[in-house]
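The working numbering applies: residue 14 is where the sequence shown begins, and numbers increase by one.
By construction, the Cβ of each residue, glycine as well, lies at the ideal position given by its N, Cα and C atoms.
To start, the structure itself, in structure tokens.
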Amino acid sequence: MKILHIITGMTYGGAQKFLISLSQEHIRSKAEVAVIGLYPGPLGQSLNDYGITYFEYNFKRKIDPRILFEIMRVIRQWSPDVVHTHLGTADFYGRIAAKLSKVKRVVSTIHNEEDWKSKAIYRHLDNFSLLFADYIVACSKSVYESLNTQSESNNKIKLIENGVDTSIEVRKSREDIYREINITTDSRLIVCIGRLEEQKNHQLLLKAISILKRPELKVCFIGAGSREVFLKELEIQLGISDNIIWIPQTSDPYSYISASDIMVLPSLWEGLPIVLLESMSLEKLIIASDIESHRHVINSGRNGFLFRSGDADDLARCIKAALDIDKNLLKDIEVSANQTVKSRYDIKEAARKYMEVYTNGKLSSAEC
Numbered sequence: 014m015k016i017l018h019i020i021t022g023m024t025y026g027g028a029q030k031f032l033i034s035l036s037q038e039h040i041r042s043k044a045e046v047a048v049i050g051l052y053p054g055p056l057g058q059s060l061n062d063y064g065i066t067y068f069e070y071n072f073k074r075k076i077d078p079r080i081l082f083e084i085m086r087v088i089r090q091w092s093p094d095v096v097h098t099h100l101g102t103a104d105f106y107g108r109i110a111a112k113l114s115k116v117k118r119v120v121s122t123i124h125n126e127e128d129w130k131s132k133a134i135y136r137h138l139d140n141f142s143l144l145f146a147d148y149i150v151a152c153s154k155s156v157y158e159s160l161n162t163q164s165e166s167n168n169k170i171k172l173i174e175n176g177v178d179t180s181i182e183v184r185k186s187r188e189d190i191y192r193e194i195n196i197t198t199d200s201r202l203i204v205c206i207g208r209l210e211e212q213k214n215h216q217l218l219l220k221a222i223s224i225l226k227r228p229e230l231k232v233c234f235i236g237a238g239s240r241e242v243f244l245k246e247l248e249i250q251l252g253i254s255d256n257i258i259w260i261p262q263t264s265d266p267y268s269y270i271s272a273s274d275i276m277v278l279p280s281l282w283e284g285l286p287i288v289l290l291e292s293m294s295l296e297k298l299i300i301a302s303d304i305e306s307h308r309h310v311i312n313s314g315r316n317g318f319l320f321r322s323g324d325a326d327d328l329a330r331c332i333k334a335a336l337d338i339d340k341n342l343l344k345d346i347e348v349s350a351n352q353t354v355k356s357r358y359d360i361k362e363a364a365r366k367y368m369e370v371y372t373n374g375k376l377s378s379a380e381c
């Protein structure tokens with residue numbers, strides 16, 4: 014089987030990492046895989062190393078008819094059995110191009126409860142392009158429920174929850190990471206990974222750190238985005254610059270996750286964050302906002318902690334409790350987190366279900 018993925022760009026993000034993991038599993042099962050990236054991204058350069066054919070473009074605008082024609086050209090050249098699209102712009106053009114090119118199966122994964130669809134024009138465009146897709150896959154139960162409420166194509170919707178590779182390789186030790194970010198061995202490290210955008214709600218974590226007033230507490234933010242200046246100004250206003258470390262991007266997030274005492278996910282909304290599943294697989298203590306997608310994964314007090322979304326005081330309380338937690342209870346929570354991912358979110362199972370959709374579309378819409 015030949016599978017062509019189309020994605021907006023191969024930047025550092027959960028959808029991109031999932032695409033790579035899914036492709037690797039399908040290559041192991043003897044499929045051929047190619048990827049079209051509409052915009053350049055650092056992860057694109059690694060695709061050839063995984064045996065994935067990569068077509069990279071640099072389209073400057075979201076509204077550009079050339080995108081449609083270039084996708085159709087690649088489809089003619091590569092002759093895929095399946096076109097699988099990811100993220101807004103790629104979804105719109107990819108679905109239409111694939112159907113006009115008479116591709117046998119057109120599949121789209123919805124990776125987020127996408128706020129851009131709140132704008133009427135984008136919602137109408139997306140609903141129009143859904144007519145060209147055979148199946149729409151929700152990456153989580155919360156996205157599945159949202160799609161069934163909003164979509165005009167409910168009969169096409171399938172649920173396949175995100176999965177991750179549960180045999181993650183950690184390249185660097187805790188000591189190595191502490192030296193890299195120049196913190197002392199008696200520091201307590203929080204790591205927060207995600208684009209510096211409104212959705213990720215980084216300012217809440219900054220406010221929580223200002224409430225705690227613990228000089229040994231260091232927070233490493235990994236990610237880049239449009240709110241970088243705002244967040245760095247807020248850090249200065251709150252007087253916590255000695256507590257904060259900013260890293261725009263890294264090709265080795267797992268070493269930072271492994272080195273952390275706590276992983277914090279303060280997002281306002283999500284699909285099913287890959288970084289959440291990867292951190293749990295690495296047996297890290299998670300503190301996450303009490304949003305629906307997190308609640309489906311985290312049983313607070315058993316395999317992680319949830320705080321009231323948008324509440325800096327409650328986040329500060331959870332961080333303090335996590336820092337002072339009994340070591341035996343901490344180990345139980347970390348092991349439980351790992352077992353949750355192994356039993357429910359293994360990439361091998363997600364890949365098997367996607368292959369069923371690619372092959373015959375008979376996956377039950379209620380299956381997860």
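{"Item": "Residue from Val288, Trp282, Gly284 whose Cα sits closest to the Cα of Met276", "Value": "Val288"}
{"Item": "Same chain, Cβ closer than 8 Å to Ile181, five either side skipped, listed in chain order", "Value": "Tyr267, Glu291, Ser294, Leu295"}
{"Item": "Close-in-space but distant-in-sequence residues of the same chain around Gln29 (CB under 6 Å, 5 per side omitted)", "Value": "Met23, Leu56"}
{"Item": "Top-ranked residue by Cα proximity to Asn195, from Ile109, Asp255, Gly176", "Value": "Asp255"}
{"Item": "DSSP-derived helix/strand/coil call for Gly314", "Value": "coil"}
{"Item": "Proximity to Asp337 [Cα-Cα], best of Gln163, Leu225, Ile40", "Value": "Leu225"}
{"Item": "Collapsed DSSP secondary structure at Met276 in the structure displayed", "Value": "strand"}
{"Item": "Element boundaries [beta strand (DSSP E), containing Glu69]", "Value": "66-69"}
{"Item": "His309, DSSP secondary structure in three states", "Value": "coil"}
{"Item": "Thr21 burial status per 10 Å Cβ neighbour count (16 or more: buried)", "Value": "buried"}
{"Item": "Close Cβ partners of Glu210 (< 8 Å) along its chain, the five nearest in sequence each way excluded", "Value": "Gly238, Ser239, Arg240"}
{"Item": "The stretch 154-161 touching the stretch 131-145, judged by at least three CB pairs closer than 8 Å", "Value": "no"}
{"Item": "Val242, buried or exposed, once every other Cβ within 10 Å from all chains shown has been counted against 16", "Value": "exposed"}
{"Item": "Chain D within 8 Å of Asp326, Cβ atoms only", "Value": "Going by chain labels, chain D is absent from the structure shown, which holds only one protein chain."}
{"Item": "Enclosing beta strand (DSSP E) for Tyr52 [first to last residue]", "Value": "45-52"}
{"Item": "Sequence-distant residues of the same chain with beta carbon closer than 6 Å to Ser223, five excluded per side", "Value": "Leu251, Ile253"}
{"Item": "Three-state secondary structure assigned by DSSP to Ile88", "Value": "helix"}
{"Item": "Pairwise C-alpha distance: Lys333 and Leu202", "Value": "13 Å"}
{"Item": "Bridge partner(s) assigned by DSSP for Val120", "Value": "His97, Tyr148"}
{"Item": "Minimum length 4: unbroken alpha helix (DSSP H) runs contained in the stretch 167-255", "Value": "187-193, 215-225, 241-251"}
{"Item": "Ser155 (DSSP reduced to helix, strand or coil)", "Value": "helix"}
{"Item": "Span separating the alpha-carbon of Ile346 from that of His307", "Value": "16 Å"}
{"Item": "Gly22: first and last residue of the uninterrupted beta strand (DSSP E) it sits in", "Value": "15-22"}
{"Item": "Candidates Asp199, Phe234, Thr197: closest to Ser214 by CA position", "Value": "Per the sequence presented here, residue 214 reads as Asn, with Ser not at that position. Answer by Cα proximity: Phe234."}
{"Item": "Where the alpha helix (DSSP H) containing Ser292 begins and where it ends", "Value": "287-294"}
{"Item": "At least 3 beta-carbon pairs within less than 8 Å: the stretch 170-181 vs the stretch 360-378", "Value": "yes"}
{"Item": "C-alpha gap between Ile33 and His124, whole angstroms", "Value": "14 Å"}
{"Item": "Segment limits, beta strand (DSSP E) that includes Ile299", "Value": "298-302"}
{"Item": "Environment of Glu126 [buried if 16+ CB atoms lie within 10 Å]", "Value": "buried"}
{"Item": "Beta-carbon gap between Tyr106 and Ile80 smaller than 8 Å", "Value": "yes"}
{"Item": "Which residues DSSP lists as bridging Ile257, in chain order", "Value": "Val232"}
{"Item": "Inter-residue Cα distance where the pair is Tyr63 and Val119", "Value": "23 Å"}
{"Item": "Classification of Thr102 by the beta-carbon crowding that lies within 10 angstroms, buried from 16 upward", "Value": "buried"}
{"Item": "Beta-carbon proximity list for Lys355, same chain, < 7 Å, skipping 5 on both sides", "Value": "Thr179"}
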